[in-house]
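Student: Remember, the working numbering sits 2 above the position in the first sequence when you count from 1.
Before we start, here is the structure in question, set down as structure tokens.
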Amino acid sequence: MQGRLYSYRGFTIEVVYKSGRIAQIRVLDRRPAGLPGLPQNLRVDISDFTPFERAVMGKLMEVPPGRVVTYGMLASAAGYPGAARAVGRVMAKNPYAVVVPCHRVVRSDLHPGSYAYGTGVKRRLLLAEGVRFNGDRISRKHIHRFKV
DNA sequence: GCACTGGATGTTT
DNA sequence: AAACATCCAGTGC
3 MQGRLYSYRG FTIEVVYKSG RIAQIRVLDR RPAGLPGLPQ NLRVDISDFT PFERAVMGKL
63 MEVPPGRVVT YGMLASAAGY PGAARAVGRV MAKNPYAVVV PCHRVVRSDL HPGSYAYGTG
123 VKRRLLLAEG VRFNGDRISR KHIHRFKV
């Protein structure tokens with residue numbers, strides 16, 4: 003698997019194509035040397051996912067850089083209150099890092115929580131997007147409120 | 001406040 | 001039936 007390399011806020015992003023469609027987007031913990039910026043118009047295909055997964059991923063894509071949501075908040079906003087842990091399962095399998103911004107989903111105690119590419123990468127990605135920390139916890143002002 | 005524990009939880013495979 | 005990137009209430013500092 004080889005893909006196109008892009009730059010996103012100090013990280014290298016690899017977009018892997020399979021038969022003309024985006025198969026995976028991953029984060030490489032490496033400085034992007036002279037790479038183009040990550041395109042805004044990348045179209046990811048979520049039609050093969052379950053209704054629950056589509057609802058969660060779709061809602062998550064509303065969260066902008068510099069904001070975070072908790073697993074439980076995202077579950078409720080997607081229409082599945084109480085499914086915080088199931089949201090964690092979706093995030094763990096998310097093939098489209100950064101475009102489906104699973105690094106912006108954090109624990110209810112505002113610790114960043116786990117990440118497929120390492121907790122350090124998650125923390126530094128959030129920092130690069132403008133999220134401030136108090137020690138190892140995210141400050142409350144960055145919590146995103148979904149529109150009703 | 002902090003750290004830890006045990007149990008409940010929803011969805012997928 | 002098992003797995004899990006959680007959550008909450010309880011306990012003891």
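In this text, a Cβ means the ideal position worked out from N, Cα and C, and glycines have one as well.
(1) Based on the DSSP secondary-structure assignment, which residues constitute the bridge partners of S141?
(2) Based on Cα-Cα distance, which residue from P67, Q42, I48, S9 lies nearest to M59?
(3) Can you tell me whether A99 is helix, strand or coil according to DSSP?
(4) Please check the pair R139 and H113, which I expect to be a contact at CB under 8 Å, by giving their CB distance rounded to whole angstroms.
(5) Mapping the DSSP letters down to three states, classify G132 as helix, strand or coil.
(6) Out of curiosity, what's the CA-to-CA distance linking A88 and G115?
Tutor: Working from what's here:
(1) On the first sequence, residue 141 is found 139 positions in, with the first residue counted as 1. Beta-bridge pairing links S141 to no other residue.
(2) Counting from 1 along the first sequence, the entry for residue 59 is found at position 57. The shortest Cα separation from M59 among P67, Q42, I48, S9 belongs to I48.
(3) Along the first sequence, read from residue 1 onward, the residue named residue 99 stands at position 97. A99: coil per DSSP, three-state reduction.
(4) Here residue 139 is taken as the residue at index 137 of the first sequence, counted from 1. Here residue 113 is taken as the residue at index 111 of the first sequence, counted from 1. Yes, R139 and H113 are in contact; Cβ-Cβ is about 6 Å, under 8 Å.
(5) By 1-based counting over the first sequence, the position of residue 132 is 130. Looking at G132 - three-state DSSP - the assignment turns out to be coil, as it is neither helix nor strand.
(6) Translated into positions along the first sequence, residue 88 becomes position 86. Translated into positions along the first sequence, residue 115 becomes position 113. Spanning the alpha carbons of A88 and G115 requires a straight line of approximately 15 Å.
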